[in-house]
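Student: Using the working numbering, read the sequence shown as starting at 3 and increasing by one per residue.
Shown below is the structure under consideration.
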Amino acid sequence: MSSQEKKIVKLRVFRYDPEVDEKPRYEVYEVPYYRGMKVLDALIYIHDNYDPTLAFRYSCKIWRCGSCAVRINGDAMPACRAEIKPDKDYVVEPLANLPVIRDLVVDFSKIYKRFASLGPYFVTTKSRDKEPARVPGRKFEDFIKVAGCIECWSCISVCPIVKVAWSEMAGPGLMVALAQSAYNPLNEHDPLPIAFAQGLYSCTTCRKCVEVCPEEIAIPEVVFEKLRAIAVRRGMGPLPGHLTPKELIETTGKSVARRDTPFLESIETEVFRPLGAIIDRVGFFTGCLADYRLQHVAKAVLDILLRLGVEVVVPKDQVCCGSPMIRTGVLSILEKLVKQNVASFERLGVKTIVTACAGCSLTLKKNYPDLIKEFLKREMPFKVYHMSEYIVNVLKQKPPMKKELKIKVTWHDPCHLGRGQGIYKEPRELLASIPGIQLIEMEGADQCCGAGGGVRSGKRELSELVGANKAKQIVNSGAEAVVTECPFCVIQIRDMLDALGYKDVKVFYLEELQRQAME
């Protein structure tokens with residue numbers, strides 16, 4: 003390419019005027035590229051040079067007002083934030099879950115009417131005429147974490163609950179506004195009852211809202227989980243369906259009821275050594291479901307690690323990681339669980355923990371460092387890996403698999419594995435390495451299955467609405483089976499496929515297929 007030749011980028015732009023068009027269409031525009039160009043710049047170029055009827059919103063151009071949010075290659079974000087790369091093509095569409103006024107302009111009136119009805123306001127009866135309020139900065143710490151919302155409503159566009167039952171939950175952005183009101187130490191208004199009524203326990207904590215938030219507000223943690231914990235302390239929560247896991251943990255150490263002989267009861271030793279040379283030593287954190295219900299998965303994990311030359315330590319007195327309690331705000335039970343698990347693995351000299359449960363690995367990585375500081379007054383003593391992450395990135399070798407399985411599969415990204423830990427490529431790499439496997443990527447592989455955040459246990463019907471969409475995506479992929487790495491996803495997807503009449507579509511844990519191919 004000569005120095006005089008300009009690079010061109012192509013944008014496929016959604017066009018639709020409900021007043022005159024029978025259906026939406028897409029038009030392709032070629033735009034001269036320059037370094038640092040944003041999607042908003044390209045849209046302005048199209049408007050000024052090709053079609054002045056193209057409708058889209060914008061104002062500040064500097065990622066502060068939120069008005070230019072659209073979907074770019076399927077991801078919701080402010081158009082002024084999305085930098086264009088010259089080697090890519092772009093599809094630009096309006097935000098989802100909202101009516102289209104014209105082209106890329108959507109109708110926000112439903113959001114603003116609901117916003118006004120919630121009343122997330124600052125109320126005080128104290129006069130500040132003579133002297134400003136004096137408040138220690140630490141009291142604003144929680145408020146600061148949610149204060150940055152620019153009301154772009156990208157989160158509304160991607161929320162799986164809003165998509166299937168907006169009436170059940172105000173939406174991530176509106177719950178952020180209620181959190182701002184709740185965390186303002188000068189506010190005399192109590193928004194918690196409103197938050198509870200507006201779906202405080204309807205969030206699956208899938209983190210899709212975090213993925214698209216331009217301000218990177220950790221909405222599941224600092225809004226939903228934080229407010230749920232406050233609700234529990236004040237006697238509003240948890241929901242009745244959340245009491246069973248709590249009671250089971252208190253009596254058995256596990257959040258689910260046992261079926262058959264638990265894996266930890268079935269093993270005769272706590273230390274397993276490979277037949278050949280030992281290349282590493284890890285502790286295996288089973289999680290509740292692999293111990294009490296999916297024992298075959300726990301056995302497959304153990305067998306795979308041994309075949310890879312890893313000495314595996316399995317403390318028989320390990321207990322629930324506490325994830326179901328953290329997600330639902332029941333924090334009073336955590337100290338006992340954390341102390342028990344730390345003691346269990348330290349008793350056997352474990353330095354590295356491996357687990358095949360997405361929720362457990364997220365909790366051990368993200369929550370335990372702070373919980374151990376709080377309860378034990380010291381640093382996290384373990385390095386934690388998810389099973390797929392450990393095999394691909396640490397061992398850097400795959401299990402010895404020779405048997406061809408000859409099956410077409412698709413992959414489901416567990417929310418707590420993908421968005422929670424950034425683990426996407428590792429399980430796909432392992433899955434694709436199994437002889438005879440044909441991997442088909444489904445549309446929306448990372449879409450939530452509806453089981454997380456206590457929604458399956460607390461609001462089963464709502465969970466099933468989300469799960470039905472996931473099941474349809476799996477079926478539409480044309481795969482014979484779906485594979486994943488989360489026990490809750492496995493159970494939820496199996497139930498939803500059965501409910502929709504697709505019992506012939508199989509559901510596998512990744513380690514199950516690896517173990518079959520090793521035979």
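Think of the CB as a built atom: it goes at the ideal place given N, C-alpha and C, for glycine as much as any other residue.
Since we're looking at a predicted model, the values are computed, not measured.
Indicate the three-state DSSP secondary structure (helix, strand or coil) for H522 in the structure shown.
Tutor: Only positions 3 to 521 of the chain appear in this structure, which leaves residue 522 out of reach.
Student: I need the straight-line Cα distance from V492 to R260, nearest angstrom please.
Tutor: 17 angstroms
Student: For G454 and F490, which I take to be in contact (beta-carbon distance under 8 angstroms), what is that distance rounded to the nearest angstrom?
Tutor: 7 angstroms
Student: Using DSSP's beta-bridge definition, name the partner residues of R430.
Tutor: Paired residue(s): none; R430 is not in a bridge.
Student: Residues in its own chain within less than 7 angstroms of Q423 by CB, not counting five upstream and five downstream?
Tutor: The residues are S363, L364, K367, H388.
Student: Flag this pair as touching only if the segment 216-232 and the segment 177-187 have three or more C-beta atom pairs under 8 angstroms; answer yes or no.
Tutor: The answer is yes - the segment 177-187 touches the segment 216-232, with three or more Cβ pairs under 8 angstroms.
Student: The beta strand (DSSP E) spanning F286 covers which residue range?
Tutor: 282-286
Student: Roughly how many angstroms separate the alpha carbons of L56 and E29, rounded to a whole number?
Tutor: C-alpha separation (whole angstroms): 10 angstroms.
Student: Could you tell me the distance, in whole angstroms, from the CA atom of G523 to the CA atom of E381?
Tutor: A query on residue 523 cannot be resolved here, the shown segment of the chain reaching from 3 to 521 and no further.
Student: Considering only their Cβ atoms, is the gap separating S159 from R73 smaller than 8 angstroms?
Tutor: yes
Student: Just verifying my parser: in three-state terms, what is the DSSP assignment at P371?
Tutor: helix
Student: Can you round the beta-carbon distance between A78 and A71 to whole angstroms, since I take them to be within the 8 angstroms contact cut?
Tutor: At roughly 6 angstroms, the Cβ-Cβ gap stays under 8 angstroms, so A78 and A71 are in contact.
Student: Decide if D319 is buried, meaning its Cβ has at least 16 other Cβ atoms within 10 Å, or exposed.
Tutor: exposed
Student: Quick test of your reading: H418 and G361, contact by CB under 8 angstroms. State the CB separation rounded to the nearest angstrom.
Tutor: 5 angstroms
Student: For the beta strand (DSSP E) containing D89, name the first residue and the last one.
Tutor: Neither: D89 is in no beta strand (DSSP E) and is coded neither H nor E.
Student: In whole angstroms, what is the alpha-carbon distance linking S5 and R458?
Tutor: Only weak support is given to the placement of S5: the predicted model assigns it a pLDDT of 42, under 50, and the value that follows is read from those uncertain coordinates. Each residue's alpha carbon lies about 59 angstroms from the other.
Student: Assuming C151 contacts G173 (C-beta within less than 8 angstroms), just tell me the rounded distance between them.
Tutor: At roughly 12 angstroms, the Cβ-Cβ gap does not stay under 8 angstroms, so C151 and G173 are not in contact.
Student: Please return the same chain residues whose Cβ sits closer than 8 angstroms to the Cβ of I280, not counting the five positions on each side in sequence.
Tutor: Taken in chain order, the residues that qualify are G311, V312, E313.
Student: Just verifying my parser: in three-state terms, what is the DSSP assignment at Q6?
Tutor: Note that Q6 scores a pLDDT of 44, beneath 50, so its modelled location is shaky; the value from the coordinates is reported in the next line. Here Q6 carries a coil assignment [DSSP, helix/strand/coil].
Student: Cutting at 7 angstroms between CB atoms, please list the residues of its own chain near V148, excluding the five before and the five after it.
Tutor: V178, A181, Q182, Y185, I219, V224, V225
Student: What are the start and end residues of the beta strand (DSSP E) that includes K508?
Tutor: 508-511
Student: At which residues does the beta strand (DSSP E) containing P383 begin and terminate?
Tutor: Counting along the chain, P383 falls outside any beta strand (DSSP E), and DSSP gives it neither H nor E.
Student: Can you pull the DSSP bridge partners for M79?
Tutor: V72
Student: Please go through the same chain and pick out, in chain order, the residues whose beta-carbon is closer than 8 angstroms to the beta-carbon of S443, but skip the five residues on each side of it.
Tutor: Residue 443 is actually Glu in this sequence, not Ser. Result list for E443: T412, W413, S479, in chain order.
Student: To which residues does DSSP link Y28 through a beta bridge?
Tutor: F16
Student: If you draw a straight line from the alpha carbon of P134 to that of K128, how long is it in whole angstroms?
Tutor: Each residue's Cα considered, the two are about 10 angstroms apart.
Student: Between the Cα of R309 and those of R329, P20, D282, spot the shortest distance and give me the residue it belongs to.
Tutor: D282
Student: Measure from the alpha carbon of E217 to the alpha carbon of each residue in G68, V396, C450, then state which is nearest.
Tutor: G68
Student: Have a look at the DSSP bridge pairing and note the partners of V108.
Tutor: V102
Student: With a threshold of 7 angstroms on Cβ separation, who are the neighbours of K90 within its own chain once the five nearest residues in sequence on each side are excluded?
Tutor: none
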